[in-house]
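Please read the structure below before turning to the comments.
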C-alpha cells in the first residue's frame, strides 16, 4: 500500500471550482448568527497603535466594511525559521477588522491565502469582537523563498501564529479565540498543540483529523456508506460513463483550457487531469453537495456527453487542475505529502478504465524538483495532544462530510465535538440542533469571558 494511502486526507482547497471560492469557504458565514453590532468605531488612535507594534506595517486601510469596524491590510515581518534567525525573514500578510481594543479578538485563518474582503467569521459576529486574519506561510504573498519549502511545516506555521498573538496582545489585551474551517481549523488546532495557552478557546469547523490508526480507511468506508445504495451507484455509473467517453471529453477539456490561456505542465496532461477529476467525484459530491437537487442532477444513462462534462465541471472543478490554480496550491499539496497526508477513493468499479496509477497522490501536483519526504509522526502527535491534553476546543462537523470521516476526538477538558445532521463541509454553529447550538454559544461566550 502506498504511503499516501496510509495517511489519508482531502481538504477543501480543491472542493470548489474557482480560486476565489477556496479561501472564502473556510470561514463560517458571518450571517449565520447575528448579535448586537458594535458601536461606530471612534478615532481611538488605532493607526498610531498599529504602527507602534514591532515588525508591523500598515499596507492600506480599505473602506466598505461593516458599521462599527475599520479594515486594515497589514504586513508582519516574520522569521523564515523560528529556530534559526540566520535563515532570514519574510513578510506575512494579515488583515484586521478593528472595532475596539476592549473587545475580544478572533484569530482566524483559512490555511491558505488571505481574503481581502472585510467579512466577519461566526465567532467574531457572536462576540462582537475584533478579527485578525492570518495568511498561511507560503500562500498568497507570504512567501519565504520560491521553491524552497523546507520551512513549510505545521510547527513553523504554529510559531507564526504564536508570534502574532504575542505582538498583537500589546494592543488587544482581552480574550482571544482562534477559528478556521477545514484546513484553517486544522491550523488552529496545530497552533494550540504547540502553544496551548496563546488563546482562550478554539472553534474548528469541518476540520479533518488525519490519523488513520485502523487497517481500513475511514474515508473509503465513509464513501461506501454515505447516502443510499442507489445514490452511490448513480455516482459510480456517472464516473464510468465519463471515462468511457474519455477521448471526446478530454479533447473538450484541453481545448477549453487552451482557450483560457492555461496549460497542464504541472500535472502533465489534460488526460491525467481529467482522470484525477473523475476519481475525486464521490468525495467532492458529498463534501459540497448531497442535497435532493444535487442527487437529481447526477447524469443518468441517457445523459449526453455535454451533460456529463458540465456535471463533472460543477462537481470536481476542472479549472483546478490546470496550471494557473494548481501553481498557487503547490504548498498545499506539499503539506499533504510531507506531514498531513492524503486520502483513498474507491476505484474497484473503474477497473480497466484508469490510465494513470497514483494520479491523485500529491506528487502529481508538486514539481519533481521539490523533494517530498513524509513524516509519519506529525499527525499522531497532534491526535495524542487533543485526546490527552486539549482544552477549550469546539469542533463543529457535518454528518455527511467525508472530510470528517475521521474527526478529531472528544477530549475531556472543556471541549466538545458537535454534529450538524445531514450537513456537508459547510457547517456553522447556527446550523446545530437547538440544544447543541445553545451549548456551543455558551462555551464560546464563557471562554471569551475568561480574560
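In mature numbering (1 follows the signal peptide of the UniProt record, and there is no 0), the protein residues as written are -32 to -1, 1 to 419. By construction, the Cβ of each residue, glycine as well, lies at the ideal position given by its N, Cα and C atoms.
Pairwise C-alpha distance: residue j and residue i
i: residue 117; j: residue 293; result: 18 Å
i: residue 39; j: residue 81; result: 17 Å
i: residue 200; j: residue 284; result: 16 Å
i: residue 406; j: residue 67; result: 26 Å
i: residue 282; j: residue 379; result: 38 Å
i: residue 397; j: residue 34; result: 21 Å
i: residue 187; j: residue 13; result: 51 Å
i: residue -4; j: residue 354; result: Model confidence at residue -4 stands at a pLDDT of 42, short of 50, so the residue's coordinates are unreliable; what they give is reported in the following sentence. So the alpha carbons of these two residues sit roughly 26 Å apart.
i: residue 416; j: residue 97; result: 10 Å
i: residue 261; j: residue 253; result: 12 Å
i: residue 232; j: residue 212; result: 22 Å
i: residue 173; j: residue 23; result: 31 Å
i: residue 236; j: residue 328; result: 13 Å
i: residue 240; j: residue 44; result: 40 Å
i: residue 381; j: residue 357; result: 7 Å
i: residue 25; j: residue 109; result: 14 Å
i: residue 137; j: residue 154; result: 23 Å
i: residue 423; j: residue 11; result: Not covered by the structure: residue 423. The range shown for the chain is -32 to 419.
i: residue 362; j: residue 234; result: 38 Å
i: residue 158; j: residue 48; result: 18 Å
i: residue 170; j: residue 288; result: 30 Å
i: residue 181; j: residue 150; result: Here the model assigns residue 181 a pLDDT of 48, short of 50, so the residue's position is not dependable, and the following value carries that caveat. Their Cα atoms are separated by approximately 21 Å.
i: residue 202; j: residue 278; result: 16 Å
i: residue 32; j: residue 413; result: 28 Å
i: residue 321; j: residue 129; result: 45 Å
i: residue 183; j: residue 17; result: Because the pLDDT of residue 183 is 47, which lies under 50, any placement of that residue in the model is unreliable, and the number read from its coordinates should be weighed accordingly. One C-alpha to the other measures close to 54 Å.
i: residue 58; j: residue 152; result: 21 Å
i: residue 83; j: residue 60; result: 13 Å
i: residue 41; j: residue 64; result: 6 Å
i: residue 215; j: residue 208; result: 13 Å
i: residue 323; j: residue 113; result: 35 Å
i: residue 383; j: residue 62; result: 28 Å
i: residue 206; j: residue 168; result: 47 Å
i: residue -11; j: residue 53; result: Confidence at residue -11 is low in this model, with a pLDDT of 35, below 50, so the placement of that residue is unreliable and no value is reported for it.
i: residue 389; j: residue 160; result: 28 Å
i: residue 371; j: residue 175; result: 7 Å
i: residue 124; j: residue 146; result: 17 Å
i: residue 220; j: residue 286; result: 11 Å
Identified DSSP bridge partners for residue i
i: residue 388; result: 366
i: residue 144; result: 73
i: residue 420; result: This structure cannot speak to residue 420, because the chain is shown only from -32 to 419.
i: residue 98; result: 73
i: residue 46; result: 58
i: residue 334; result: For residue 334, which the question treats as bridged, DSSP gives no partner whatsoever.
i: residue 149; result: 173
i: residue 381; result: 359
i: residue 24; result: 44
Boundaries of the beta strand (DSSP E) in which residue i is found, first to last residue
i: residue 74; result: 73 to 76
For residue i, the first and last residue of its enclosing alpha helix (DSSP H)
i: residue 65; result: Not the alpha helix (DSSP H): residue 65 falls in the beta strand (DSSP E), residues 57 to 66.
i: residue 15; result: 14 to 19
i: residue 246; result: 238 to 247
i: residue 308; result: Segment: none, residue 308 is in no alpha helix (DSSP H) and carries neither H nor E.
i: residue 403; result: 402 to 416
i: residue 119; result: No alpha helix (DSSP H) contains residue 119, which DSSP labels as neither H nor E.
i: residue 290; result: No alpha helix (DSSP H) holds residue 290; DSSP gives it neither H nor E.
i: residue 263; result: 260 to 264
i: residue 200; result: 197 to 212
i: residue 278; result: 273 to 284
Next on the checklist: Just to confirm the assignment: which complete beta strand (DSSP E) runs, minimum length 3, are found wholly within the region 154 to 189?
Outcome noted: Every unbroken stretch of the beta strand (DSSP E) spanning 3 or more residues and falling wholly within the region 154 to 189 is given here in chain order: 169 to 173.
Checklist entry - Which runs of the beta strand (DSSP E) fall wholly inside the region 338 to 378 and span at least 3 residues, in chain order? => result Taking only runs of at least 3 residues, the beta strand (DSSP E) segments lying wholly in the region 338 to 378 are 361 to 366.
Checklist entry - Below 8 Å, can you find three or more Cβ-Cβ pairs linking the region 239 to 256 to the region 325 to 344? => result Using a Cβ-Cβ distance cut-off of 8 Å, the region 239 to 256 and the region 325 to 344 are in contact, since at least three pairs of beta carbons, one from each stretch, lie closer than that value.
Checklist entry - Are three or more beta carbon pairs between the region 190 to 205 and the region 220 to 234 nearer than 8 Å? => result Counting Cβ pairs under 8 Å, fewer than three are found: no touch.
Next on the checklist: I'd like to know if the region 267 to 278 and the region 297 to 305 are in contact, where contact means that at least 3 CB-CB pairs between them fall below 8 Å.
Outcome noted: The region 267 to 278 makes no contact with the region 297 to 305: fewer than 3 CB pairs, one atom from each, lie closer than 8 Å.
Item to check | Segment contact, 8 Å Cβ cut-off, at least three pairs: the region 349 to 366 with the region 381 to 396 | outcome: Taking one beta carbon from each stretch, the region 349 to 366 and the region 381 to 396 have 3 or more pairs nearer than 8 Å; the two touch.
Checklist entry - Are at least three pairs of beta-carbons, each pair with one atom in the region 139 to 154 and one in the region 56 to 70, less than 8 Å apart? => result The region 139 to 154, when compared against the region 56 to 70, does touch it at the 8 Å Cβ threshold.
Next on the checklist: Does the structure place the region 98 to 105 close enough to the region 82 to 90 that three or more beta carbon pairs sit under 8 Å?
Outcome noted: Yes, they touch.
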